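Data first, discussion second: the structure below is written as structure tokens.
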Amino acid sequence: MMDDYVWFEGIAFPTVDTKPENLREIQENFVVNDEDVINLTYPKSGTNWLSEIICLIHSKGDPKWVQSVPNWQRAPWVETGRGYKMLQNREGPRIFTSHLPIQLFPKSFFHSKAKMIYCMRNPRDVLVSGYFFFRRMSIAKKPETLQQYLEWFLQGNVVYGSWFEHIRGWLSRRQCENFLVVSYEELTKDTRSVVEKICQFLGKKLTPEEIDLVLKYSSFHFMKENQMSNFSTLPSEYLKSGFLLQRKGVTGDWKNHFTVAQAEEFDEVYQQNMAGFPPKLFPWE
Ligand code: A3P
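Under this note's numbering, think of the first position of the sequence shown as 6, with each following residue one higher.
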């Protein structure tokens with residue numbers, strides 16, 4: 006089991022802290038409150054970066070919270086056993102994280118006013134980031150080669166299922182007023198504008214100096230140094246020691262790893278799956 010997946014409704018999940026019966030319970034019975042803020046991503050799309058930004062907006066740039074509490078406690082993953090328990094017992098507005106595809110997300114969200122931010126990323130970079138991540142983690146099947154991981158990814162046989170289905174599912178909500186789409190690419194190009202957009206969406210008024218602090222403490226450099234945000238304190242059941250989440254933090258790294266044949270194989274599946282979306286929706290196209 007250590008090197009495989011947990012399966013639920015045809016979707017692969019990590020083997021650590023995830024049980025099909027919990028996933029069912031969360032989907033049916035977790036109560037999303039109107040005041041909640043949800044960080045929703047497909048894995049390796051900038052989840053932890055966005056989580057840091059949301060937490061720092063919440064503290065108006067004061068780094069005390071992000072430097073003293075691990076990110077999986079500040080903004081727990083609702084679909085994990087630990088995260089679910091933490092969130093159930095938490096009073097007041099909560100910030101939480103999830104990678105769930107839309108069809109498995111807590112049903113109560115769809116009747117709530119909770120605000121969700123969906124961060125997307127060029128799936129080629131998601132793939133490369135995931136390849137290096139899952140080789141080191143002990144929570145799912147480990148790929149031996151990039152080619153092998155590319156095939157799993159294109160078939161949707163990776164944790165949280167197909168990237169294509171995830172994005173198609175969640176982007177169906179992009180016109181909803183409690184749903185904001187951002188991208189890793191925009192964040193990299195102009196972090197300040199995206200942070201301002203998020204503040205506006207959340208109804209948070211920060212001064213320019215407070216925004217400067219949000220930018221400073223959520224930067225790649227600061228997060229890599231921050232033990233509460235770099236995965237260095239994750240329990241050993243999750244990963245081999247010495248791994249840090251902040252690997253490169255750039256866009257377009259896939260070009261350093263894909264062969265021409267792999268890029269073509271990827272493009273063919275991408276075109277088949279993504280036809281019909283309006284132009285300019287995806288900053289990597
Ligand atoms: P790379 O592996 O391409 O470097 P997630 O949080 O969804 O698991 O995504 C991890 C990716 O986000 C990694 O990408 C990681 O380096 C990048 N990342 C994490 N913190 C970041 C930050 N502050 N700025 C830019 N990228 C960041």
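Glycine included, C-beta positions come from ideal geometry on N, C-alpha and C.
The structure displayed is predicted, hence computed values, not measured ones.
Residue closest to residue i, alpha-carbon to alpha-carbon, out of the options
i	options	result
residue 157	142, 65, 175 and 136	136
residue 249	228, 267 and 152	228
residue 94	247, 169, 36 and 194	36
residue 66	206, 45, 21 and 221	221
residue 203	62, 237 and 76	62
residue 224	238, 237, 192 and 210	192
residue 168	142, 127 and 201	127
residue 18	145, 121 and 114	145
residue 47	215, 117, 286 and 132	132
Which of helix, strand or coil DSSP assigns to residue i
i	result
residue 158	helix
residue 137	helix
residue 52	helix
residue 144	coil
residue 286	coil
residue 114	helix
residue 280	coil
residue 11	strand
residue 272	helix
residue 36	coil
residue 186	strand
residue 181	coil
residue 63	helix
residue 6	Low confidence applies to residue 6: its pLDDT is 43, below 50, so where it sits in the model is not reliable, and the reading given next is rough at best. Coil, per DSSP.
According to DSSP, residues forming a beta bridge with residue i
i	result
residue 120	42
residue 82	102
residue 17	12 and 164
residue 169	Its beta-bridge partners do not exist; DSSP assigns none.
residue 125	188
(request) Pick out the complete alpha helix (DSSP H) segments inside the region 194 to 255, 4 residues or longer, and give them in chain order. (result) 196 to 207, 213 to 222 and 225 to 230
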